[in-house]
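Residue numbers (the working numbering), protein chains in the order written: chain A, 1 to 333; chain B, 1001 to 1333; chain C, 2001 to 2333.
Ideal placement from N, C-alpha and C gives every residue a C-beta, glycine not left out.
Note sheet for the following structure.
See below:
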């Protein structure tokens, strides 16, 4: 499997997952972490592993802003420094990892790589989350490598086959769609599908005059290593997007590796339980079984060694994979 | 583990397992396959793996004689050629594997190796299946390497210890038996046990005059890589086999590797559910646990590296193993 | 993982685990064994693996003092010699391993290494087991490497954090305790904690005059590779141990590797079911989950490669680990 990119911001948790007392224990980039807040509510993150005997600190307890190991009682503050030893003075220099954390766009972002490079301006733009009205924030662990999920999202043509039940575009994607792939100045890769003058999906028919047709866009944006945003809009055909049939949608699909073969999938949805159930159904019952079948078929072999057949619709996914390879190469030396 | 022999015919399925619509998906020689029939009923076999993103085509659907991938919609015909792409023309040269298939002896035989060598005359002779009266055809996946099952069958002396309940020969195999091992002109290895003038098994006593004794033969034939046939006959002692106590039996024990550690075991049995239950009991409750215990004890080590103690009764099994080694060597270089 | 030490006595079973008929089948040092007694009751031990096809002999049966393989009927005596073959004479020289076994201290000790070095005088001293009154002897398989369990026992400071419920010393270990680490002439490593003039644990208060204080010792002794003995005593403070509050305790904690990642943990306890339940609770619900979490965090990496933080309380554990490294080196060449 490929190395993780280290010099990058990753979403570690939604803000409301991290409590004021105790902690959230979560594996990220195949290391164990504690996400917590100090007495002021400021977010922090430390390794969930005692340097003495390697046990998870999450088997211990918190005393104020000190984390006490449950095995032999060493204590650590939120900067990762060992500050307590019941049997003498804390061993000088003893330390656990404590990467930079920034709370933004409703979540905690951390930088696992070189501390000096952790520029907050590099956090990808998810302002639309802040601007959204009432919204549900969820996270789900998908049991596949994050690059396979990004491939899935960057090639939306799969919606015509895998999501025919949940939001099929009735074939209009290939009959009336046009794909544009772009790399933005900030390195983001865009895959834009624009559909012109198509028959509307069944649910939209009542919102249109009889026989009314639609324009539709499905634009997805990818930021290295794996933060994606999906933008969807349906408007009356020929109105240049000025007469929307429903309000335009923007949704984060932010992927943070849990391990090499599992991924935290952060997403948002409408505020009701029904909205969440719909999102989970698409991800868990449609996408994940297919991607898991792909991963099982690959058996841990590198993607390129499997010599995939390349289609024009793969362009965005391939640009993203190339960008990751460049970043890995740069980090390796 | 040793490489699979590739230039050989393997039984892929019994004929009645392969439907006229849809398909049978089955792993053979550690690759995924679809077994299907075209609109004329002619059998075919293609790889169950889309060359685009490697997902099983069996997650998709069949439209006439085209197989449509459920992920991005590529379509393949039964020769393995890509014949459909919803987003443009089919990528030239795109192809999945489609090995030669022949329907014979009640089953579908395929040749995974070099196509030009796939001579139908090389299919081992199981004519007795065609000639048999009403018969049940079954297949069971045994969770061990096929060579260990062949060892088991090629050394029938185990019947005296492992199958004492189901068809024990009451020790007559070693008290009155003689073993002959032969290699036939076509490369088949025969292990023949002939018992002369022995006490009959309990169930046969009523079929004989009081105090009557029997002759019995247990002959097994092995064809590389792993197609075996077992022939059993019981006759009144001293009649040179002319006065059979029950009709002579001929049974296929055809082994096709599923993976390196599991095997499709094709067998036949009498037409009733009771007949099938009896066969399954012998294979599943007597043979398989013992062979699985052997495999567990070997832990993936090569058979010869375990330095087995060699007994005279092993001769046929060792000839078969040697033949496989020759074939592997020939295929490797 | 590190190699097992071979030239050493290991406890294979408590005496009452090994029956007069049949056998006890147990994996020790990652090999399968049969423990049995001959018609005189004398203990023996042979490999649980037929040299012909490697199956466990424990799938066969015992006929008097002969072990008959359940696959093809080879028979072995308790010296490991093949003494029976139904199809001819026993293959000359055929043999399974049969290491030296000595019954002592209520258990069977075996020597897996070079037979000539198996000096009974090297069995570690557990005379206190023989001298103890009615006592329960138990064994439990803990799913971690034996060295991690020895680390746990050799650093009793964990009692203050992990065993606060079951026998917490209320912090007196670090407030009033002194640690002494010694290597005895016979190579045993001792870690001695001596507590002077401390507040008694709650359950001991009624046994003392009002406001009475205690002295307490917790001494643990380790013999390579992994036989430990724990000695605990509580006396009235200042009596130099002459006025014990409860009778002094001596308990074996004898560890025999089952595999590299699991260990037979032999222990004793009071004669009641309640006594056993208490011991199991401490080992299974307190110690094992923590040690298993440690093992999971290490993921099979060597202990030293994880670069553990070293504390003064680790001294005994480190001496023991060093001794094992010396022994391994000596055995390797």
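In the assembly as shown, residue 2020(C) is an exposed residue. Its beta-carbon has fewer than 16 other beta-carbons within 10 Å. Contact of residue 98(A) with chain C by beta-carbon distance below 9 Å is absent, the smallest such distance being about 16 Å. When secondary structure is reduced to three states using DSSP, residue 332(A) falls in the helix class. Counted as a single uninterrupted DSSP element, the beta strand (DSSP E) harbouring residue 1028(B) occupies residues 1024-1028.
Setting aside the 5 residues that flank it on each side, residue 2136(C) is surrounded in the same chain by 2268, 2269, 2270, 2271, 2275, 2276, each with a C-beta closer than 7 Å to its C-beta; the list follows chain order. In summary, the residues of the stretch 284-306 of chain A whose CB is separated from some CB of chain B by less than 7 Å are 290, 293, 294, 297, 298, 306, in the order they occur in the chain.
Uninterrupted beta strand (DSSP E) stretches at least 3 residues long and entirely within the stretch 2195-2232 of chain C occur at 2214-2223, given in chain order.
In this structure, DSSP gives residue 2100(C) a state outside helix and strand, which the three-state scheme calls coil. Residue contact check for residue 1004(B) against chain A: no CB pair falls below 8 Å. If you look at residue 138(A), you'll find it in the beta strand (DSSP E) that goes 136-142.
Scanning its chain for C-beta atoms nearer than 6 Å, with the 5 sequence neighbours on each side dropped, one finds around residue 192(A) the residues 180, 219, in chain order. Between the stretch 2048-2067 of chain C and the stretch 2302-2312 of chain C, the count of Cβ pairs shorter than 8 Å is below three; the stretches do not touch. Residue state for residue 1009(B) is assigned as coil, using DSSP reduced to three classes. The beta-bridge partner set that DSSP reports for residue 1192(B) consists of 1180(B), 1219(B). Distances from the CA of residue 108(A) to each of 72(A), 44(A), 66(A) were compared; the closest alpha carbon is that of 44(A). DSSP places residue 2084(C) within a strand segment (E or B) once states are collapsed to three. The way I'd put it, the stretch 1248-1265 of chain B doesn't touch the stretch 2021-2036 of chain C; fewer than three beta-carbon pairs between them come closer than 8 Å. When 9 Å is used as the limit between beta carbons, residue 2157(C) is near these residues of chain A: 72, 73, 86, 87, in chain order.
Separation of the CB atoms of residue 174(A) and residue 14(A) is rounded to 36 Å, and the pair is thereby denied contact status at 8 Å.
Residue 2052(C) belongs to the set of residues whose beta carbon lies under 8 Å from a beta carbon in chain B. In the DSSP assignment, residue 1095(B) is bridged to 1081(B).
Taking 8 Å as the threshold, the shortest C-beta distance from residue 55(A) to chain C falls below it. Residue burial annotation: residue 1176(B) is buried, with at least 16 other C-beta atoms found within 10 angstroms of its C-beta. Contact of residue 1260(B) with chain C is not assigned, every C-beta pair being separated by 8 Å or more. With the rule of 3 Cβ pairs closer than 8 Å, the stretch 2055-2062 of chain C does not count as touching the stretch 2120-2134 of chain C. The beta carbon of residue 112(A) sits closer than 6 Å to those of 6, 29, 99, all from its chain and outside the five residues before and after it, given in chain order. With at least 16 other beta carbons inside 10 angstroms of its own, residue 258(A) counts as buried. In the three-state reduction of the DSSP assignment, residue 265(A) falls in the strand class, which pools E and B. Residues of chain A whose Cβ lies closer than 8 Å to the Cβ of residue 2313(C) are, in chain order, 72, 87. DSSP places residue 1152(B) in the uninterrupted alpha helix (DSSP H) bounded by 1146-1154. In this structure, 1062(B) is the residue among 1062(B), 1003(B), 1004(B) with its C-alpha nearest to the C-alpha of residue 1025(B). Residue environment for residue 147(A): buried (at least 16 other C-beta atoms within 10 angstroms of its C-beta). In the three-state reduction of the DSSP assignment, residue 1066(B) falls in the strand class. Excluding residues up to 5 positions away in sequence, 2005, 2224 lie with their Cβ nearer than 7 Å to the Cβ of residue 2327(C) in the same chain.
Under DSSP, residue 2033(C) shares a beta bridge with 2026(C), 2047(C).
By the rule that beta-carbons nearer than 8 Å mark a contact, residue 2162(C) touches chain A.
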